[in-house]
Amino acid sequence: MEINFETMYQDLGISKEVMDVGNKIEQELLPRFQAFDKTAEYNQLKVLRAMQKNRVSDGCFNYASGYGYNDQGRDTLEQVYADTFHTESALVRPQITCGTHALALALAANLRPGDELLSPVGKPYDTLEEVIGIRPSKGSLAEYGITYRQVELLEDGYFDYPAIEKAINEKTKLVTIQRSKGYQTRPSYSVGKIGELIAFVKKIKPDVICMVDNCYGEFVETIEPSDVGADMIVGSLIKNPGGGLAPIGGYVAGHSELIENCAYRLTSPGLGKEVGASLGVMQSFYQGFFLAPTVVCSALKGAVFAANLYERLGYGVIPNGAESRHDIIQAVELGTPEGVISFCKGVQAAAPVDSFVTPEPWAMPGYDSDVIMAAGAFVQGSSIELSADGPIKPPYAVYFQGGLTWPHAKLGILQSLQHLVDTGVVTKEAFD
Ligand SMILES: *Cc1c(COP(=O)(O)O)cnc(C)c1O
1 MEINFETMYQ DLGISKEVMD VGNKIEQELL PRFQAFDKTA EYNQLKVLRA MQKNRVSDGC
61 FNYASGYGYN DQGRDTLEQV YADTFHTESA LVRPQITCGT HALALALAAN LRPGDELLSP
121 VGKPYDTLEE VIGIRPSKGS LAEYGITYRQ VELLEDGYFD YPAIEKAINE KTKLVTIQRS
181 KGYQTRPSYS VGKIGELIAF VKKIKPDVIC MVDNCYGEFV ETIEPSDVGA DMIVGSLIKN
241 PGGGLAPIGG YVAGHSELIE NCAYRLTSPG LGKEVGASLG VMQSFYQGFF LAPTVVCSAL
301 KGAVFAANLY ERLGYGVIPN GAESRHDIIQ AVELGTPEGV ISFCKGVQAA APVDSFVTPE
361 PWAMPGYDSD VIMAAGAFVQ GSSIELSADG PIKPPYAVYF QGGLTWPHAK LGILQSLQHL
421 VDTGVVTKEA FD
C-alpha cells in the first residue's frame with residue numbers, strides 16, 4: 001500500500017502547503033542530518049563500550065532501598081558515566097533533584113569560606129543567581145563567605161581574555177563556564193572554545209578548578225568539556241543524558257577528589273557515595289543514557305529544521321539556519337505576543353500527552369513578565385522532550401528544544417507553523 005502522508009498530516013491538522021514547505025526544508029537539510037547521525041553513531045558506540053566494559057547486567061536494575069549500601073546498579077552506572085565522559089569518577093543520583101541542584105552541589109562541595117568563584121562567561125543561568133548570592137537568598141554561597149566575580153563577554157559573545165587574567169587572584173578557587181546560552185542571546189560555546197578558555201585559565205592559575213555547566217550540551221558533539229581539561233562537568237537527567245526516560249536526577253563527573261567532595265556534601269561527611277538507595281530508577285537511567293545519543297540527534301534535527309523553516313519565512317532565529325550546533329536550544333523571534341502564543345499552542349497540540357490542553361501566558365515566580373509554556377511530556381518539566389516557552393515581552397521570542405524522535409519534532413514544528421497560519425500571523429505570501 002502506498003504511504004499517504006498528506007491524509008495522515010491532514011488528520012493531525014496540518015495543511016498541504018505547510019507539509020510541503022516542511023518537506024522542502026527537510027530535503028535541503030539531509031546532508032546536515034547525516035552529519036548529526038554520524039555524531040550519534042560515534043556517541044552511541046562510546047556509551048555501549050562503557051556499558052560493556054563495566055559489565056552492565058540485569059542485576060544492575062534491581063530495586064534497592066534503605067541506606068543503599070552496595071547498590072551495585074548505582075555504583076556501576078556511575079562508572080559508566082565516568083568512562084563515557086572520560087573522567088575518573090561520577091556521581092549520578094536520583095537524590096540530585098535537578099540541574100540547579102547538581103550545580104549548587106558541585107559549587108558548595110568544592111568551595112570553602114574565603115574562596116572566590118569566577119564566571120569568565122558573563123552572567124550565569126538565572127537559577128544560579130540565588131545559589132551564588134548575586135540575588136540574596138537563604139543558604140547562598142555568599143552567606144557562607146564565598147565571594148563571586150564575573151567577567152562580561154565581549155560584544156561578539158566570546159571571552160575577554162585580558163579582563164579574565166585580571167580577575168583571577170589568589171582567592172580564585174573555582175571557575176564556572178556555562179556551555180549553553182540558556183535564555184541569553186550570546187552564542188553557545190563549542191567544546192573546542194571551552195577548551196581554549198580552560199587552557200588560558202590554567203596557564204594563569206594551574207590549580208584552579210574548572211567546572212562546566214554542561215546542561216543541554218551532552219552528546220551534541222563527539223567530545224565533552226571533560227575531554228578538553230574541565231575538572232568537573234555537571235548536568236540534569238531530565239535533559240540530554242536522561243534520554244527522556246530518566247524520571248529525575250542529576251550528575252557530576254570529574255576528578256575523584258572533587259566528586260568525593262560532592263558525595264560528602266550530598267549525603268554526609270563520612271558517608272559520601274556509600275549511601276543513597278536507587279529506589280528502582282536504575283533501569284530508566286541506564287536505558288535513557290543508552291538512548292541519549294540518538295535522542296539528542298533527533299532534538300538537533302528539530303532545532304535546525306525550525307531554524308531553517310522560520311528563517312525562510314522571514315523571522316530572526318538564533319542560532320541561524322546554517323550555524324554549527326553546540327546545544328539543543330533554538331530561539332525564534334516571532335515579534336508579537338500573538339506569534340509567541342500561537343507557536344506554543346501548536347507545539348502543545350502536537351504532543352503525545354496533554355495535546356488537548358491549551359497553554360496560556362501566566363505570571364511565573366522569578367520572571368518579570370507573563371510566560372507561556374508548551375509541554376506535553378511523559379516526565380514533568382522534561383526539556384529533552386519537545387517543549388517551548390516564551391516570555392511575553394520584546395523581542396517576543398520563543399525558546400524551544402527537545403524531541404525524543406525526529407518525526408515528533410517535525411510534527412511539533414509544522415503544528416506551530418500551522419497555528420501561526422490559522423491565526424493569520426503568517427500569511428500565504430510568506431511561503432513564496
Ligand atoms: C536547565 C539549565 C540549568 C538548570 O537546570 P534545572 O534542571 O532547570 O534546575 C542550569 N544551566 C543551564 C545552562 C540549563 O540549561
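Heads up: the sequence shown is residues 1 to 432, going by our numbering.
Glycine included, each C-beta is placed from N, C-alpha and C at the ideal position.
Note that this is a predicted model, so its numbers are computed, not measured.
Subject >> Given 8 Å, three or more beta-carbon pairs between the stretch 164-176 and the stretch 216-226 >> reply: no
Original post:
Whose C-alpha, out of Lys16, Ile392, Ala163, is nearest the C-alpha of Glu338?
Top reply: Ile392
Original post:
When the distance is taken between beta carbons, is Leu258 closer than 8 Å to Ile209?
Top reply: yes
Subject >> With 16 other Cβ atoms within 10 Å as the buried cut-off, status of Met8 >> reply: exposed
Subject >> Between the CA atoms of Asn320 and Val304 - distance to the nearest angstrom >> reply: 8 Å
Original post:
Hey, which unbroken runs of the alpha helix (DSSP H) at 4 residues or more fall wholly within the stretch 129-172?
Top reply: 161-167
Subject >> Beta-bridge partners of Cys297, as assigned by DSSP >> reply: For Cys297, which the question treats as bridged, DSSP gives no partner whatsoever.
**OP:** Quick one: grab the DSSP three-state call for Met8.
**Re:** helix
**OP:** List in chain order: all unbroken beta strand (DSSP E) runs of 3+ residues lying wholly within the stretch 389-422.
**Re:** 397-401
Original post:
How many whole angstroms separate the CB atoms of Ile233 and Ala263, which I take to be in contact at a CB cut-off of 8 Å?
Top reply: Wrong, their Cβ atoms sit about 16 Å apart, outside the cutoff.
**OP:** Using only alpha-carbon positions, find the residue among Asn308, Thr336, Arg312 that is nearest to Gln330.
**Re:** Asn308
Original post:
Roughly how many angstroms separate the alpha carbons of Leu118 and Ala409, rounded to a whole number?
Top reply: 37 Å
**OP:** Drop a sphere of 10 angstroms on the beta-carbon of Gly192, count the other beta-carbons inside from all chains shown, and report buried for 16 or more, exposed for fewer.
**Re:** exposed
Original post:
Going by beta carbon distance, what residues of the same chain come within less than 6 Å of Ile14, once the five residues before and after it are set aside?
Top reply: Leu414, Gln418
Original post:
In terms of residues, what are the limits of the alpha helix (DSSP H) holding Gly122?
Top reply: First-last for Gly122: undefined, no H or E at that position.
**OP:** May I ask you to check if the CB of Gly122 is nearer than 7 Å to at least one heavy atom of ligand 1?
**Re:** no
Subject >> 8 Å contact criterion, which Pro113 and Ile146 should meet: CB distance rounded >> reply: 7 Å
Subject >> Beta-carbon contacts of Ala142 that lie in its chain and below 6 Å, excluding the five residues immediately before and after >> reply: Gly133
Subject >> Assumed close pair Thr222, Tyr81 - CB separation to whole angstroms, cut-off 8 Å >> reply: Between Tyr81 and Thr222 the Cβ distance is about 17 Å, and since that is not below 8 Å, they are no contact.
Original post:
Taking the Cβ atom as the reference point for each residue, do His326 and Tyr161 lie within a distance shorter than 8 Å?
Top reply: no
Original post:
Of the choices Arg49, Ser382, Gly182, whose alpha-carbon is the least far from that of Gln79?
Top reply: Arg49
Subject >> Status (buried if at least 16 other CB within 10 Å, exposed otherwise) for Pro136 >> reply: exposed
Subject >> With 16 other Cβ atoms within 10 Å as the buried cut-off, status of Gly302 >> reply: buried
Subject >> Lys181 to Pro187 span [Cα, whole Å] >> reply: 6 Å
Subject >> Option nearest Thr97 by Cα separation, candidates Ser416, Phe400, Ser382 >> reply: Ser382
Original post:
Straight-line CA distance for Thr185 to Asn240?
Top reply: 21 Å
Original post:
Are the beta-carbon atoms belonging to Met282 and Leu91 less than 8 Å from one another?
Top reply: no
**OP:** Report buried or exposed for Thr100, applying the criterion of at least 16 other Cβ atoms within 10 angstroms of its Cβ.
**Re:** buried
Original post:
Tell me, which residues are paired with Asp213 by DSSP?
Top reply: Gln178, Val234
Original post:
Is the closest heavy atom of ligand 1 to the C-beta of Thr185 under 7 Å?
Top reply: no
Original post:
Assuming Val376 and Ser355 make a contact with CB atoms under 8 Å, what is their CB distance in whole Å?
Top reply: A quick correction: the sequence has Gly, not Val, at residue 376. Contact flag correct, Cβ pair sits at about 6 Å.
Original post:
When every heavy atom of ligand 1 is checked, does at least one fall within less than 7 Å of the C-beta of Leu300?
Top reply: no
Subject >> Between the CA atoms of Ser140 and Leu128 - distance to the nearest angstrom >> reply: 9 Å
Original post:
Do you know offhand how far Pro120's Cα is from Ala230's?
Top reply: 14 Å
Subject >> For Ala253, the residue or residues it bridges with in DSSP >> reply: Ala90, Ile233
Original post:
In whole angstroms, what is the alpha-carbon distance linking Gln44 and Ala306?
Top reply: 25 Å
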